[in-house]
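Notes for the one structure printed next.
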Amino acid sequence: MAIQEEHFKKVISHAKEYGFIFPSSEIYDGLSAVYDYAQNGVELKNNIRNYWWKSMVQMHDNIVGIDAAILMHPTTWKASGHVDAFNDPLIDNKDSKKRYRADVLIEDYVAKIEDKIDKEIAKAAKRFGDAFNEKEFISTNQRVVEYIEKKEAILTRMAKSLEKEDLADVKSLIEELEIACPISGSRNWTDVKQFNLMFGTKLGASAESAMDLYLRPETAQGIFVNFLNVQKSGRMKIPFGIAQTGKAFRNEIVARQFIFRMREFEQMEMQFFVRPGEQKKWYESWKETRLKWHLSLGLGNDYYRFHDHEKLAHYADAAADIEFKFPFGFKELEGIHSRTDFDLSSHEKFSGRKLQYFDPELNESYVPYVVETSIGLDRMFLAMFSSALMDETLEDGSVRTVLKLPSVLAPIKAAVLPLVKKDGLPEIAKEIVEDLKWDFNVDYDEKDAIGRRYRRQDAIGTPFCITVDHDTLEDKAVTIRFRDSMEQKRIPIAALRELINEEVSVRKWLKKIQS
Ligand code: GAP
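Note that this note's numbering numbers the sequence shown so that position 61 is 94, with each residue one more than the last.
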């Protein structure tokens, strides 16, 4: 099994074993692509949300937050285009009766070509050693050039067919590439059909009077419909932003890769309203700001890359993803979209209400343009969790499993551990917990040998372990152990709060954005 695949399996099992993520309603065999956050998971998730909110809302004096309802008037989704255009192309295999996204089948085929390219590059790098020039190799090696041409031809044809809604050609492409069902191995496919991703529900008691509603597929529309309410009540001046975090629902056909693609998930979105014509400038500026936010968490440039969209959604004049190096490769973590005036204009049309801004500097009214930043909270969780989980071989040859989360996001900031369960040590340890818990999420643990307790805390990412021993009775000091270096230091109990705060405070981490 590939190392990455093995790592991903470990991520999923570790998340369950250490109380981060459970399959939803597991006693009934679970519900596909729906997950519950457990005791440690919810803390990590809350910390990520808080880190986003702090930087996007509280650190910007021209951005405010809201919390709109999940259920919205159904016309919202006509206006936004979701009723007509929020579709995925579906195909069924007649033998296995399994349903697939046609575009994903083709993309998986392309991924195999990419693997072959990577293998050729790795082989050549080994052969040529230091003299290897990757760029030159890619552009001149006959086999690699052919692979790249093939890959590009497939992707271009698929993009064109999807854009023209030529689903028959998408099916032809699958047939020409001889793509087989991964389960049955057969190429006995149905036609490709469009499938709307919104979950429907009903409002009202009786069948006759019930109104058809949708569970929101994105949080953004709750912001658009409140644009004028917020602008007027907050006396906001353009440019300004409205942010919110909350649940979104999509009936994903191919729900896989754990919490990467879920049917119920959470988004953190911000709509930034700007003067028409200034959207390009703000789009570039938000791309930069959002990348800095990610980088502030200390993983380094290698984990991130931009992917500019060639095929734009119906509402966008520019769009890019920030992709993250997940265990299964670089994939979308966040989207930055220049959404033009599409949404507000469309809501004006469908509601009959003016959604315009009077610009006192220009002395005119207009429908603002919008630049959106949109990140999946669960995806951010997976990014942080999967990159933090590692097995480390220690000097004595033993292996420790450690979750090296950025300490600002760690579920528990410090664990207080009495060396033994007697001689007054538990009492002092509990006093320390009582004091620290006002500022941090702290844990008390007196069970098992101290080494095993350290390992348990390493596995859930606790940055500090504080050990109370017999000397503490005399010197009012404790041993503090640092998760990453495993270094141990003796410090006065009175100095604990400041030391922990210096390391885990949002202030310390977010300040990196400015540097
Ligand atoms: N308002 C724009 C919007 O919703 P999107 O690219 O469809 O754009 C934005 O979604 C982000 O939401 C994605 O970058 C991803 O992080 C997250 N996301 C989307 N679908 C998801 C799913 N099924 N499961 C988990 N996260 C998802």
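Using N, Cα and C, we set each Cβ at its ideal position, and we do this for glycine too.
Judged by DSSP secondary structure, K364 falls within the beta strand (DSSP E) whose first and last residues are 362–373. In the DSSP annotation of this structure, the continuous segment of the beta strand (DSSP E) that includes T512 starts and ends at 510–515. Runs of the beta strand (DSSP E) lying entirely within the region 58–140, each at least 3 residues long, are 68–70, 96–98, 120–125, 132–134 in chain order.
Around the beta carbon of N80, a 10 Å sphere encloses 16 or more other beta carbons of the protein chains shown; the residue is thus reported as buried. Assignment of alpha helix (DSSP H) within the region 264–348, counting only whole runs of 4 or more residues, yields 312–328 in chain order. A351 has its CB no nearer than 7 Å to any heavy atom of the ligand GAP. The C-beta of S58 has fewer than 16 other C-beta atoms within 10 Å across all chains shown, which makes the residue exposed. Counting only residues of its own chain and dropping the five nearest sequence neighbours on each side, V537 has a CB closer than 8 Å to the CB of S440, V441, A443, K446, F473, P496. With 16 or more neighbouring CB atoms inside 10 Å of its own CB, V404 falls in the buried class.
In the three-state DSSP reduction, M417 falls in the helix class (H, G or I). Closest by C-alpha distance to K43, out of S172, E397, V435, is V435. Counting along the chain, L529 sits inside the alpha helix (DSSP H) bounded by residues 529–537. Within the model, the alpha-carbon separation for P272 versus D125 is close to 47 Å. The region 175–238 is shown to contain whole beta strand (DSSP E) runs of 3 or more residues at 226–229, 233–236, in chain order. With respect to the 8 Å criterion, G98 and Q72 are not classified as neighbours on the basis of their beta carbons. The continuous beta strand (DSSP E) containing Y477 extends over residues 475–477.
Beta-bridge pairing by DSSP links Y142 to no other residue. In the DSSP annotation of this structure, the continuous segment of the beta strand (DSSP E) that includes D392 starts and ends at 390–392.
Proximity of the region 96–114 to the region 320–338 falls short of the contact definition, fewer than three beta-carbon pairs being nearer than 8 Å. With fewer than 16 other Cβ atoms from the protein chains shown falling within 10 Å of its own Cβ, Q547 counts as exposed.
Rounded to the nearest whole angstrom, the C-alpha separation of L529 and H503 is 18 Å.
Bridge partners of Y399 according to DSSP: Y390. Going by beta carbons, E302 and K280 fall outside the 8 Å limit.
About 6 Å separates the CB atoms of Y180 and K149; that is less than 8 Å, so the two are in contact.
Only residues of its own chain outside the window of five on either side were considered, and among them M231, P250 have a CB closer than 7 Å to the CB of H115, listed in chain order. In the DSSP assignment, E425 falls within the unbroken beta strand (DSSP E) covering 422–426. CA-CA distance, N334 to G385, rounds to 47 Å.
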